[in-house]
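Visitor: Chains A and B, in that order, give the protein sequences. Adding 726 to a residue's 1-based position in the first sequence gives its number in our numbering. Adding 9 to a residue's 1-based position in the second sequence gives its number in our numbering.
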Amino acid sequence: MTPILSVKDLEVQFSLRGRTLTAVRGCSLDLPRGKTTAIVGESGAGKSVFVKTLLGMLDKNGKITGGSIEYDGKDLTRFATEKEWLTIRGKRIGYVFQDPMTSLSPLMPVGKQIEESIEEHQGLRGAEAAALAVEILGRVGIPQPEARAKQYPHEFSGGMRQRVVIAIAIACRPEILICDEPTTALDVTIQAQILKLIRDIQGEFGFTTVYITHDLGVVANVADYVAVMYAGKIVEYGTTEEIFYDPRHAYTWALLSSLPQLGEKGKELYAITGSPPNLFKEITGDAFAPRNPHALKVDFAYEPPLFPVSETHRAATWMLDGRAPKIDPPPAVGQIREIGKTPAIPSALTPQQTPAGKKGKPLLSVKELRVEFHTKGDKHFAAVKDVSFDVYPGETFGLVGESGSGKTTIGRSIIRLNPATRGEIRFDGERIDGKISPETDRKVVSQLQMIFQDPMASLNERAKIDYIISEGLLSLRRNMKEGERKEIVARALEDVGLLPEFASRFPHEFSGGQRQRIGIARALVMEPRLIIADEPISALDVSIRAQVLNLLGKLKREKGLTYLFIAHDLSVMRFISDRIGVISKGRLVELAEAEELFRCPLHPYTKSLISAIPQPNPEVEKSKEILVYDPSVHGTDPQSWVEITPGRFVRGSERELDRYRRDLGL
Amino acid sequence: MKTYDDIPAELFVPSPMDRGEAEKTGYSNYSYWRSTIRIFLQNRAALFLLFLLGILVLFTVVQPLFPGQRPATQVNFDAKGFPLRNIQPGKEYWFGTNAIGQDLWSRIWHGTRTSLLIGLLVGIVEMGIGIVYGALWGYVRRLERPLTEVFNVLHNIPNTIILILMAYILRPGFSTMVTAMCLTGWHGMARFIRNQIVIIRDREYNLASRCLGTGTGRIIYKNLLPYLVSVVMLQTALSIPSTIGWEVFLTYLGLGLPIDVPSLGNLVNEGRSIMMSPELRYQLIFPTIVLSVITVSFYILGNAFADASDPRNHL
Chain A
727 MTPILSVKDL
737 EVQFSLRGRT
747 LTAVRGCSLD
757 LPRGKTTAIV
767 GESGAGKSVF
777 VKTLLGMLDK
787 NGKITGGSIE
797 YDGKDLTRFA
807 TEKEWLTIRG
817 KRIGYVFQDP
827 MTSLSPLMPV
837 GKQIEESIEE
847 HQGLRGAEAA
857 ALAVEILGRV
867 GIPQPEARAK
877 QYPHEFSGGM
887 RQRVVIAIAI
897 ACRPEILICD
907 EPTTALDVTI
917 QAQILKLIRD
927 IQGEFGFTTV
937 YITHDLGVVA
947 NVADYVAVMY
957 AGKIVEYGTT
967 EEIFYDPRHA
977 YTWALLSSLP
987 QLGEKGKELY
997 AITGSPPNLF
1007 KEITGDAFAP
1017 RNPHALKVDF
1027 AYEPPLFPVS
1037 ETHRAATWML
1047 DGRAPKIDPP
1057 PAVGQIREIG
1067 KTPAIPSALT
1077 PQQTPAGKKG
1087 KPLLSVKELR
1097 VEFHTKGDKH
1107 FAAVKDVSFD
1117 VYPGETFGLV
1127 GESGSGKTTI
1137 GRSIIRLNPA
1147 TRGEIRFDGE
1157 RIDGKISPET
1167 DRKVVSQLQM
1177 IFQDPMASLN
1187 ERAKIDYIIS
1197 EGLLSLRRNM
1207 KEGERKEIVA
1217 RALEDVGLLP
1227 EFASRFPHEF
1237 SGGQRQRIGI
1247 ARALVMEPRL
1257 IIADEPISAL
1267 DVSIRAQVLN
1277 LLGKLKREKG
1287 LTYLFIAHDL
1297 SVMRFISDRI
1307 GVISKGRLVE
1317 LAEAEELFRC
1327 PLHPYTKSLI
1337 SAIPQPNPEV
1347 EKSKEILVYD
1357 PSVHGTDPQS
1367 WVEITPGRFV
1377 RGSERELDRY
1387 RRDLGL
Chain B
10 MKTYDDIPAE
20 LFVPSPMDRG
30 EAEKTGYSNY
40 SYWRSTIRIF
50 LQNRAALFLL
60 FLLGILVLFT
70 VVQPLFPGQR
80 PATQVNFDAK
90 GFPLRNIQPG
100 KEYWFGTNAI
110 GQDLWSRIWH
120 GTRTSLLIGL
130 LVGIVEMGIG
140 IVYGALWGYV
150 RRLERPLTEV
160 FNVLHNIPNT
170 IILILMAYIL
180 RPGFSTMVTA
190 MCLTGWHGMA
200 RFIRNQIVII
210 RDREYNLASR
220 CLGTGTGRII
230 YKNLLPYLVS
240 VVMLQTALSI
250 PSTIGWEVFL
260 TYLGLGLPID
270 VPSLGNLVNE
280 GRSIMMSPEL
290 RYQLIFPTIV
300 LSVITVSFYI
310 LGNAFADASD
320 PRNHL
């Protein structure tokens, strides 16, 4: 079959701060007609730049410095003017970008925005275009399309907005649809719906799709072919089955092995050391070699060509050369097929060791917490309503929910950044909400610490690492000697796997994963007992996540820490948490031991969340069914928060609780 | 396909892994100030003006030390004892003399010195008050309400009224002038700092500092102000020409410095009063040129610096 678009040896460079950055280093890729190709890679791998080149949308400081893009008998790299690009972009190659907030004009009704695209590319006018716009809106799953077409983007939710963006992209019937992380900004349940929508309309319209994503679960769901990109190069290419079940490149191995779904509770995840390379520098040999435990000497000296594995499968690694010794992939890679099939992930801990089952007094106890925010005038908005839970010493308590569910607010109100409106928070038996004595304040400051989500925003850019790490000590122990402080900083850096000489540097010199570890070190020097980790890995790349998860696990074992782990990613939750609380619209709906929750979810919201988890296993993912949660199933009966079996809580009306009891076989 | 048979076979052996090397790969050596200076230096016009302004300021300082300079307030007489009034610019008096026979060359440099000093003093005081008031206003929530009210009251009194009252109550002079302008000038700076602080006060690194028990003072000093250094420098640079402008305006109103203290304000004012006679117009033109050069240079330099200090331009 001839490819619809064919890229040969593409090289793209940017001039940045007076230096040259090679973002794409000789990529070749054929897009099979009517199929879906996914490009996976970490941030900075060059995947976005790669597709922007196909659309002629490079930033002004970037240029194509080599290679060709064959499409429809033309070489797109020879296009010089915007006018030439406009014959292709939007018309024959449509695109959907990551953030639906910024892809739509806030000043125009969405129907008009679709009409514009139709008028521009299909030559229809007026009423005809308007009618088609409404039809397409209906097609992408927007209810009451006629009424909704007159509304503005701010009246739509994130998922609905992304549907509108898709409607605009397909309105002109493109041959190729490029989706750049189309679901990264969305919640998992919405993500599953959007992916399904794109797949359905692809079948109907018959276009070729290109996905860019860092999420292997998404890849498994949508892709027919996968290209793995690392440091500006495609290192492996093949059908989805070949990439997932028979990977050949060490980087693909590492990516797959570090999935939390493959982890064993209580043991370390497979982690890739270090960070992706700096593309300003000339790269000799295989860019992954310095981080590759299986590296051969030749990897550092010569760049590997793409060796064919099968007709469709190619990998750029010297391991496939006849002279190379035979190296087996890490054992975890062989278990990909099992993901999502076995009900429980294996645990390295014996049942007695699991810290569940109430052991002693809770370290943190939250009772009927309510947090309100003032909006304009006298109105209040309650972000958290009547939330109660206990966290016991030595456990990891997970709080999982979608964006806007109030999970971050709970964390922040425990650490006293957002005051509680009602209810009480006790730490080690003492109330810490409202006004507290200076002694309790000192105790809470040192024993209760937080790790933040965004490593780029959570470090003071204008202070040295030395200051950042010892900041808490400066106010806690005012008469500390300089030498002692330096020693503590050096020890904390070593604890998180960084070199002590990093202390004299500034945060901007570090990569995201390193910065997150500095954030952890900053909390550690306070010698806390409870750490609130607010989405600590969601802003990190796949290869870095495992490092940070392992570090948190190691610190828990060595220092006996307790975590309140807040996240939206259920597969990470399952790996790291002992007990999980599921929160929806400011209320806890279910709380259970992690494996128990996955084995037998009771609340319909929990069920829909679990059904929507992207599983990085094509066999499971392609056939999975998504349950959609509809809050109206609860009816109007009063709902209550009940301990249904010891240690297991669920929210529901009397009738629902009876049903849940039956589900549990009581 | 190209063959790779020439690669020596002994390279196909496992290579031990170096942890340090793997950590190093993500290293970037971007530096905010280095990039700012580099972008600034790329702007030729700004560099030229910086050079020009430097020379000008230096010259006003060292001018009295040159040989043959006449004091700015000295009235010059000819051989017969008559004052040399309104002498046209020439060999002896480079910029001519004024209506009572004072050397305009000396007066202009002395005046520039006075005006720049006022500008600089007022700029620094405004910056000081503005930073303290603005930082407390923006960061300490308990003070937000009272400080807003105080600001509203003070800011709504017209500046001219305050300045006129000050000039009536105190004796007109250099210190009165500086005090009066400081009293009114800090408003803009305080509000500017406040707005900047409100933008960054809830960033995660500030929340982190609060979780670590860092006090308000240290958060302002270590977390907030370092982010504002470049914009504050810019605002201060821009306030210097506007202060000089105010000085000229006040002198025009008759509330400026006494006539025996030359400043750009009263030189321009003197020149303005005799503007209608073409042969005397040089008395207006020379001080105006100096004033314009200073004002325009500060503005252009300020804007060049603002562009250079914006991280979005650090490409």
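Don't be surprised by glycine CBs; every beta carbon is placed ideally from N, CA and C. Here the structure is a predicted model, which means the values were calculated and not measured.
Using the C-alpha atoms, what's the distance from B:D112 back to B:N85?
Guide: So the alpha carbons of these two residues sit roughly 7 Å apart.
Visitor: Any heavy atom of the ligand NAD closer than 7 Å to the Cβ of A:F1014?
Guide: The ligand NAD is not among the ligands present in this structure, which contains no ligands whatsoever.
Visitor: How would you write the range of the beta strand (DSSP E) that A:H1106 sits in, first residue to last?
Guide: Run containing A:H1106: 1106–1117, per the beta strand (DSSP E) assignment.
Visitor: Taking 8 Å as the CB-CB cut-off, is B:G222 touching chain A?
Guide: Answer yes: the Cβ-Cβ gap between B:G222 and chain A drops below 8 Å somewhere.
Visitor: Among A:F1026, A:P1030, A:N1004, A:L985, which one has its Cα closest to the Cα of A:H975?
Guide: The shortest Cα separation from A:H975 among A:F1026, A:P1030, A:N1004, A:L985 belongs to A:P1030.
Visitor: Any C-beta of chain A within less than 7 Å: which residues of the stretch 223–245 of chain B qualify?
Guide: Of all residues in the stretch 223–245 of chain B, T223, G224, K231, N232, P235, Y236 have a Cβ within less than 7 Å of some Cβ in chain A.
Visitor: Between which two residues does the beta strand (DSSP E) carrying B:W114 extend?
Guide: Note, B:W114: premise wrong, no beta strand (DSSP E); alpha helix (DSSP H) at 113–148.
Visitor: Along the chain, where does the alpha helix (DSSP H) containing A:Q1240 start, and where does it finish?
Guide: Segment 1238–1250, the alpha helix (DSSP H) holding A:Q1240.
Visitor: Any idea if A:Q1240 is buried or exposed, counting beta-carbon neighbours within 10 angstroms, 16 or more meaning buried?
Guide: With 16 or more Cβ atoms within 10 Å of its Cβ, A:Q1240 is classed as buried.
Visitor: Closer than 7 Å between beta carbons: that is the criterion. Which residues of the stretch 818–844 of chain A meet it against chain B?
Guide: Those would be none; no residue qualifies.
Visitor: Note down, in chain order, every chain B residue with its Cβ under 7 Å from the Cβ of A:E1197.
Guide: Within 7 Å Cβ-Cβ: S218, L221, T223.
Visitor: I want to verify the contact list: residues of chain A whose CB lies under 8 Å from the CB of B:E213, in sequence order.
Guide: By Cβ distance, chain A contributes F1178, Q1179, D1180, A1183, S1184.
Visitor: Determine, using beta carbons only, whether A:L1290 and A:L1125 come nearer to each other than 8 Å.
Guide: Yes.
Visitor: Do B:L20 and A:V1024 count as a contact pair if the criterion is CB distance below 8 Å?
Guide: Contact flag set, yes.
Visitor: Check the Cβ-Cβ distances between B:S318 and every residue of chain A, and say whether any is below 8 Å.
Guide: It does not: the Cβ of B:S318 has no partner Cβ on chain A nearer than 8 Å.
Visitor: Please state whether DSSP places B:F307 in a helix, a strand or coil.
Guide: It is helical.
Visitor: For A:M1206, count neighbouring Cβ atoms within 10 angstroms of its own Cβ and tell me buried if that reaches 16, exposed if not.
Guide: Flag for A:M1206 reads exposed.
Visitor: With DSSP run on the structure shown, which of helix, strand or coil describes B:E19?
Guide: If DSSP states are grouped into helix, strand and coil, B:E19 belongs with the helices.
Visitor: Whole beta strand (DSSP E) runs in the stretch 930–1010 of chain A with 3 or more residues, listed along the chain?
Guide: Counting whole runs of 3 or more residues, the stretch 930–1010 of chain A contains the beta strand (DSSP E) stretches 934–939, 951–956, 959–965.
Visitor: Just grab the DSSP bridge partners of A:A1318 for me.
Guide: Note: A:A1318 sits in a beta bridge opposite A:I1306.
Visitor: Report the start-end ranges of each alpha helix (DSSP H) in the stretch 769–805 of chain A that is 4 residues or longer and not cut off at the edges.
Guide: Taking only runs of at least 4 residues, the alpha helix (DSSP H) segments lying wholly in the stretch 769–805 of chain A are 773–781.
Visitor: How is A:Q1079 classed by DSSP in three states: helix, strand or coil?
Guide: Summary for A:Q1079: the model assigns pLDDT 45, below 50, so the residue's position carries little reliability, and this model does not support an answer.
Visitor: Return helix, strand or coil for A:G1378, following the three-state DSSP convention.
Guide: A:G1378 falls in the strand class under three-state DSSP.
Visitor: With a threshold of 16 other CB atoms inside 10 Å of the CB of A:P871, please say whether the residue is buried or exposed.
Guide: A:P871 is buried by the Cβ-count criterion.
Visitor: Determine, for B:I206, whether the minimum Cβ-Cβ distance to residues of chain A falls below 8 Å.
Guide: No, no contact with chain A.
Visitor: Of the residues that make up the stretch 141–161 of chain B, which ones have a beta carbon closer than 9 Å to any beta carbon in chain A?
Guide: Hits within the stretch: zero.
Visitor: Which residues of chain B have a Cβ atom closer than 7 Å to the Cβ of A:R1049, listed in chain order?
Guide: Going along chain B in sequence order, the residues near A:R1049 (Cβ under 7 Å) are A18, F21.
Visitor: Figure out for me which residue from A:I1302, A:V961, A:P1364, A:I1292 has the closest Cα to the Cα of A:A721.
Guide: There is no way to answer for residue 721 of chain A, as the model of chain A reaches only from 727 to 1392.
Visitor: Relative to the C-alpha of B:G311, which candidate in B:M242, B:L126, B:S115, B:I178 has its C-alpha closest?
Guide: Comparing Cα-Cα distances from B:G311 to each of B:M242, B:L126, B:S115, B:I178, the minimum goes to B:M242.
Visitor: State the start and end residues of the unbroken beta strand (DSSP E) segment that holds A:Q1175.
Guide: Here the beta strand (DSSP E) through A:Q1175 covers 1174–1177.
Visitor: Within 10 angstroms of the Cβ of A:V1354, are there 16 or more other Cβ atoms? Answer buried if so, exposed if not.
Guide: A:V1354 should be labelled exposed.
Visitor: Check the Cβ of A:M1252 against every Cβ in chain B and list those closer than 8 Å, keeping chain order.
Guide: Under the 8 Å cutoff, chain B gives L221.
Visitor: What residues match up with A:G1124 in a beta bridge as DSSP calls it?
Guide: According to DSSP, which records beta bridges pairwise, A:G1124 is partnered with A:F1291, A:I1306.
Visitor: Taking only the alpha-carbon atoms, compute the straight-line gap between A:K1212 and A:D1192 and give it to the nearest angstrom.
Guide: Distance between the alpha carbons of A:K1212 and A:D1192: 8 Å.
Visitor: So, does the CB of B:S115 fall closer than 8 Å to a CB anywhere in chain A?
Guide: Chain A, which has no Cβ nearer than 8 Å to the Cβ of B:S115, makes this no.
Visitor: For the candidate residues A:A893, A:A953, A:G929, whose alpha-carbon lies nearest to that of A:D756?
Guide: Checking every option, the nearest Cα to that of A:D756 belongs to A:A953.
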